[in-house]
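Trainee: This is the structure I want to talk about, given as structure tokens.
Residue numbers (the numbering used here): 110 to 398.
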């Protein structure tokens with residue numbers, strides 16, 4: 110996508126500099142009419158002509174605009190400018206979690222706190238009738254606050270499913286049963302085979318994320334999409350201590366992670382709130398080497 114720096118969006122948001130982007134859109138540092146720094150995400154012009162991608166973009170804006178929680182990225186505004194959908198978000202300093210974990214292993218207390226923060230944000234979404242359906246480190250931004258404190262924010266609700274029609278209207282789901290969308294390395298068994306997902310599916314993905322935060326690697330590593338999906342469907346996750354040399358965790362934490370990773374949805378926590386409450390009862394230190 111051509112650099113749009115200098116463009117003024119709807120007479121209110123001046124794009125200052127390109128911050129980054131992917132296949133679907135580009136994010137810019139910008140200033141609003143009051144001179145305050147914000148982030149503006151523009152959907153790629155070509156992608157924006159595809160109905161499905163445009164719906165995902167608008168779905169994310171709608172979901173996050175209706176949710177307010179310290180561990181969810183805050184949407185300030187959204188609209189369409191000259192045919193291009195855009196969202197205006199709080200501007201954060203930090204790194205996506207996947208990039209942060211590639212640099213070096215996170216200290217275990219920090220890893221546990223980041224996991225707790227992500228699940229707190231997910232719990233808020235579940236409580237208000239929103240399923241994420243694509244929880245993974247790349248969709249977590251770790252902001253650096255005053256005093257170098259790390260503060261995770263869950264983002265990218267492009268695959269969100271709305272379960273409360275009274276609150277969210279008729280936009281219940283983007284996919285039909287039998288459609289497989291998401292990221293195989295973090296995909297619950299039922300999502301991998303195209304079955305219907307619910308809050309317990311997000312719990313599974315949260316379990317994978319917790320596992321990776323603690324062990325430094327996800328429970329399953331396969332090169333092909335099919336092999337990865339099959340592993341989530343049939344292969345038990347190895348104990349955390351087997352995934353990282355010297356790692357020790359509280360027995361209650363190991364049990365929580367493994368319950369979240371249960372193959373059968375009925376064996377998992379019913380939603381992220383129940384998972385969060387269980388994690389809050391884990392004695393300190395939760396994990397150590």
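From the three backbone atoms N, C-alpha and C, an ideal C-beta is built for every residue, glycine too. These numbers come from a predicted model, not from an experiment.
1) State the DSSP-derived secondary structure class of residue 266, mapped to helix, strand or coil.
2) Taking DSSP's pairing of strands, which residues face residue 187 in a bridge?
3) Can you name the residues that DSSP bridges to residue 122?
4) Using the beta-carbon count (16 or more within 10 Å), is residue 398 buried or exposed?
5) Are the beta-carbon atoms belonging to residue 239 and residue 271 less than 8 Å from one another?
6) Can you tell me the Cα-Cα spacing of residue 205 and residue 120, whole angstroms?
7) Can you give the Cα-Cα distance for residue 366 and residue 146, rounded to whole angstroms?
8) May I ask which residues mark the beginning and end of the alpha helix (DSSP H) holding residue 383?
9) On the three-state DSSP scale, how would you describe residue 279?
10) Runs of 3 residues minimum, wholly inside the region 193 to 263: which ones carry the beta strand (DSSP E) assignment?
11) Is the distance from the Cβ of residue 404 to the Cβ of residue 176 below 8 Å?
12) Based on Cα-Cα distance, which residue from 259, 178, 167 lies nearest to residue 186?
13) Among 305, 267, 273, 326, whose alpha-carbon lies nearest the alpha-carbon of residue 295?
14) Tell me whether residue 157 sits in a helix, a strand or coil according to DSSP, three-state version.
15) Give me the Cα-Cα distance between residue 105 and residue 220, rounded to the nearest whole angstrom.
16) Measure the C-alpha to C-alpha separation of residue 281 and residue 273 and round it to an integer number of angstroms.
17) In chain order, what residues of the same chain lie with their CB nearer than 6 Å to the CB of residue 372, ignoring the 5 residues before and after it?
18) Is the region 253 to 264 close to the region 334 to 344, with three or more CB pairs under 8 Å?
19) Compute the Euclidean distance between the alpha carbons of residue 113 and residue 135, then round it to the nearest angstrom.
Mentor: From the atom records:
1) The residue labelled residue 266 in the question sits at position 157 within the chain shown. Looking at residue 266 - three-state DSSP - the assignment turns out to be coil, as it is neither helix nor strand.
2) Stepping through the chain shown from its first residue, residue 187 is reached at position 78. In the DSSP output, where bridge partners are listed per residue, residue 187 has 196.
3) On the chain shown, residue 122 is found 13 positions in, with the first residue counted as 1. BP columns for residue 122 point to 118.
4) Here the question's residue 398 lines up with position 289 in the chain shown. Counting Cβ neighbours within 10 Å, residue 398 comes out exposed, since fewer than 16 surround it.
5) Residue 239 sits at position 130 when you count from the first residue of the chain shown. Residue 271 sits at position 162 when you count from the first residue of the chain shown. Cβ distance < 8 Å, so residue 239 and residue 271 count as in contact.
6) Locating residue 205 in the chain shown gives position 96, where the first residue counts as 1. Locating residue 120 in the chain shown gives position 11, where the first residue counts as 1. Approximately 30 Å between the Cα atoms of the pair.
7) What you label residue 366 is simply residue 257 of the chain shown in a count that begins at 1. What you label residue 146 is simply residue 37 of the chain shown in a count that begins at 1. Cα to Cα, residue 366 sits roughly 39 Å from residue 146.
8) Stepping through the chain shown from its first residue, residue 383 is reached at position 274. Note, residue 383: alpha helix (DSSP H), 381 to 389.
9) Taking the chain shown and counting its residues from 1, the one referred to as residue 279 is at position 170. In this prediction, residue 279 has a pLDDT of 48, which is less than 50 and means its spatial position is unreliable; nothing more can be read from the coordinates.
10) 193 to 198, 203 to 205, 249 to 253, 259 to 263
11) Outside the displayed range of the chain (110 to 398) lies residue 404, so it cannot be described from this structure.
12) Stepping through the chain shown from its first residue, residue 186 is reached at position 77. Taking only the C-alpha atoms, the option nearest residue 186 is 167.
13) Here the question's residue 295 lines up with position 186 in the chain shown. The residue with the shortest Cα to Cα distance from residue 295 is 326.
14) In the chain shown, the residue the question calls residue 157 occupies position 48. Low confidence applies here, because residue 157 scores a pLDDT of 44, under 50, leaving its location unreliable; read the following figure in that light. The answer is helix: DSSP assigns residue 157 an H, G or I state.
15) Any question about residue 105 goes unanswered here, given that the chain covers just 110 to 398.
16) In the chain shown, counting from the first residue as 1, residue 281 sits at position 172. In the chain shown, counting from the first residue as 1, residue 273 sits at position 164. Confidence is the limiting factor: at residue 281 the pLDDT is only 49, short of 50, which leaves the residue's position unreliable, though a coordinate-based value still follows. Cα-Cα distance, rounded: 8 Å.
17) By one-based count along the chain shown, residue 372 stands at place 263. Counting only Cβ-Cβ distances below 6 Å, and skipping sequence neighbours, we find 298.
18) no
19) For this step, residue 113 is matched to residue 4 along the chain shown. For this step, residue 135 is matched to residue 26 along the chain shown. Approximately 9 Å, taken between the alpha carbons.
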